[in-house]
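Residue numbers (the working numbering): 7 to 106.
First the structure, in the form of structure tokens, and then the observations on it.
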Amino acid sequence: MRKIKQTLAMAGLLVTVAPAYSQCRLYLANQLVSNQGLTLSLEGQPDSTNVCPLSSVTLKLAVGDGTAVQHVQKTQSWQTGVVYTAKAVITATGPQQLLN
Numbered sequence: 007m008r009k010i011k012q013t014l015a016m017a018g019l020l021v022t023v024a025p026a027y028s029q030c031r032l033y034l035a036n037q038l039v040s041n042q043g044l045t046l047s048l049e050g051q052p053d054s055t056n057v058c059p060l061s062s063v064t065l066k067l068a069v070g071d072g073t074a075v076q077h078v079q080k081t082q083s084w085q086t087g088v089v090y091t092a093k094a095v096i097t098a099t100g101p102q103q104l105l106n
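Structure follows, in structure tokens:
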């Protein structure tokens with residue numbers, strides 16, 4: 007079992023996207039190649055002004071074993087000025103866990 011701990015300081019996440027994009031994504035870790043490895047990201051949906059409000063952001067983990075990728079996400083009521091810690095528990099057989 008591998009444990010990954012990532013500390014996030016949310017000091018006011020506000021991301022603007024180009025009109026062609028339908029989602030905001032910030033990779034905290036990105037080591038996924040050919041369905042093997044992992045990604046940890048913050049993702050959200052932009053509003054009508056193409057800004058991704060903090061209320062739409064979720065924490066997402068994708069883990070690949072070389073043949074398939076499993077996804078898990080955590081919805082959080084984010085607040086500015088708060089330090090968040092995410093813990094991912096990755097097992098060979100799944101399901102994956104994402105805790106905060």
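Glycine residues also receive a C-beta, built at the ideal position from the N, C-alpha and C atoms.
Rounded separation between residue i and residue j - CA only
| i | j | result |
| --- | --- | --- |
| C30 | Q102 | 23 Å |
| A15 | T55 | Low confidence applies here, because A15 scores a pLDDT of 36, under 50, leaving its location unreliable; read the following figure in that light. Approximately 25 Å, taken between the alpha carbons. |
| P52 | W84 | 16 Å |
| G87 | V39 | 34 Å |
| V95 | A35 | 15 Å |
Member of the options whose CA lies at the smallest distance from the CA of residue i
| i | options | result |
| --- | --- | --- |
| K93 | V78, P59, L60 and Q37 | V78 |
| T91 | G72, L65, T97 and C58 | L65 |
| L48 | S40, N41, V39 and Y33 | Y33 |
| T97 | S83, D71, V88 and W84 | D71 |
| T99 | A35, T73, L60 and V39 | T73 |
Any non-hydrogen atom of the ligand HEM within 7 Å of residue i CB
| i | result |
| --- | --- |
| S83 | You won't find the ligand HEM in this model; it holds no ligand whatsoever. |
Contact set for residue i: own chain, Cβ-Cβ below 8 Å, skip 5 residues either direction
| i | result |
| --- | --- |
| Q37 | G43, L44 and T45 |
Own chain residues within Cβ distance below 6 Å of residue i, not counting five before or after
| i | result |
| --- | --- |
| G50 | C30, C58, S62 and V63 |
| V75 | N41 and A68 |
Residue i burial status per 10 Å Cβ neighbour count (16 or more: buried)
| i | result |
| --- | --- |
| L20 | Residue confidence for L20 is low, a pLDDT of 43 falling below 50, so the modelled location carries little weight; the figure read from the coordinates is stated next. By the 10 Å Cβ count, L20 comes out exposed. |
| L105 | exposed |
Cβ neighbours of residue i in the same chain (closer than 7 Å, five flanking residues each side left out)
| i | result |
| --- | --- |
| T81 | T64 |
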